[in-house]
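Numbering (the working numbering), first residue to last: 27 to 296.
Virtual Cβ for every residue (Gly too), placed ideally from N, Cα, C.
Quick caveat, the model's predicted, so the values are computed rather than measured.
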Amino acid sequence: MTDGVTGAVSDEALPCLECGYDLRGLDAHGSCPECGELIALSTRGNALRNADPLYLTRAHIAAILLAVTFAVGACVRIERMIGLGLPGLVLIRISTFCELFPLIASVLLASRDATAQRRDWPNRSQIVVALAIVHIAAYLAVVYATVDAGPYRLLSAFALMGWYVAIFSILRDLAERANDLTLKRHNPVVLWSLVGAAALGELLPEVILLLNWGGFVLPTVPLAARHFLLLVADAYAAWLMWRYRAMLAGVTHEARENWGMHSSQQKLDP
Ligand SMILES: [Zn+2]
């Protein structure tokens, strides 16, 4: 979109990524006359290899944390189904500790990428962090509640499903900006497997318990089948997050070289 590294922004319309001001014809090394953001940030394009390397490093760490979270989730299901000989308390402590990972990953993924197009409210970043906080608070209430944990379980399951949708929408953007076909193809399938498994395995049994008026119990999905559903969804998601990790590791490397090259060229320019 620019005439090389030096010169003016081309005659085609180019909105400033910060404020949307049309930057055509302006000096590509200058700043936006409307908001003062560097014009170079808008001319780089939306491809992930041009993204801020610091943001990509954060996204890379987030993908590792998410892969561990889903892998631990799958292990918990295997333990529930066949038993791994671990004391129950150890597993609860490990999985409670891992509940922090989605929250940290959300904060990392929601951080600002200096090269991405601005989005108006509702801001997905704020939504994803808020849902992660609600989920972990409700989860802790379930684990440590001395009274009826049912409503907290319901809240925790709802927040988790909302969080899945929000975090996978951010991940889908990364896959699209990287133009990674495997990630783009599997992203929606993993999302709806997780949401479906959570709905059938966690939400539905709680709803049925709540509707248990006068001893009338609706038939529910058998416990072993619920664990199996959640196991498959978690294992699939862990695999996908590991693929995101590999993609982000490669792209971070490319982006570092991109930015390093541009800054050294700029230094050479008078
Ligand atoms: Zn601007």
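Whose C-beta lies closer than 7 Å to the C-beta of residue i among residues of the same chain, with five residues either side of it excluded?
i      : result
Ala263 : Phe96, Val216 and Leu220
Glu125 : Ile162 and Tyr165
Gly109 : none
Checking 7 Å against the spacing of the C-beta atoms, do residue i and residue j come in under that value?
i      : j      : result
Ala88  : Ala131 : yes
Leu256 : Gly222 : no
Tyr170 : Ser182 : no
Trp268 : Ala93  : yes
Ala192 : Arg138 : no
Ala224 : Met187 : yes
Glu105 : Leu117 : yes
Ala85  : Leu135 : yes
Met273 : Ala204 : yes
Asp199 : Ala100 : no
Measure the C-alpha to C-alpha separation of residue i and residue j and round it to an integer number of angstroms.
i      : j      : result
Asp146 : Tyr178 : Residue placement at Asp146 is flagged as unreliable, the pLDDT there being 49, under the threshold of 50; the coordinate-derived value follows with that caveat. C-alpha separation (whole angstroms): 32 Å.
Arg50  : Val168 : 56 Å
Ala73  : Arg252 : 40 Å
Val102 : Ala34  : 57 Å
Val297 : Ala201 : Here the chain comprises residues numbered 27 to 296, so residue 297 is not present and cannot be evaluated.
Met27  : Asp206 : With a pLDDT of 45 at Met27, under the threshold of 50, the modelled position of that residue is not reliable, and no figure is offered here.
Glu44  : Val154 : 22 Å
Val277 : Cys58  : 28 Å
Phe254 : Val98  : 14 Å
Asp78  : Ser68  : 12 Å
Ser121 : Met107 : 16 Å
His212 : Leu180 : 28 Å
Glu38  : Glu60  : 18 Å
Gln291 : Pro113 : With a pLDDT of 47 at Gln291, under the threshold of 50, the predicted position of this residue should be treated as unreliable, though the coordinate-derived value follows. Computed Cα separation, rounded: 59 Å.
Tyr190 : Leu249 : 23 Å
Val173 : Pro128 : 26 Å
Thr83  : Arg282 : 10 Å
Ala156 : Leu64  : 31 Å
Looking only at DSSP bridge pairs, what is residue i linked to?
i      : result
Ser57  : Leu64
Ala34  : Asp53
Pro214 : DSSP output for Pro214 lists no bridge partner at all.
Pro177 : Looking at the DSSP assignment, Pro177 forms no beta bridge with any residue, so it has no partner.
Pro41  : Asp48
Once you ignore the five residues that flank residue i on each side, which residues in its own chain have a CB closer than 6 Å to its CB?
i      : result
Glu280 : Arg75
Leu236 : none
Among residues of its own chain, excluding the 5 on either side of residue i, which ones have a beta-carbon nearer than 8 Å to its beta-carbon?
i      : result
Thr208 : Arg269
Leu40  : Met27, Asp48, Leu49, Arg50, Ser68 and Thr69
Arg271 : His86, Ala89, Ile90 and Ala93
Mind checking if residue i is an interface residue toward chain B, Cβ cutoff 7 Å exclusive?
i      : result
Thr172 : Of the chains in the structure shown, none is chain B; there is only one protein chain.
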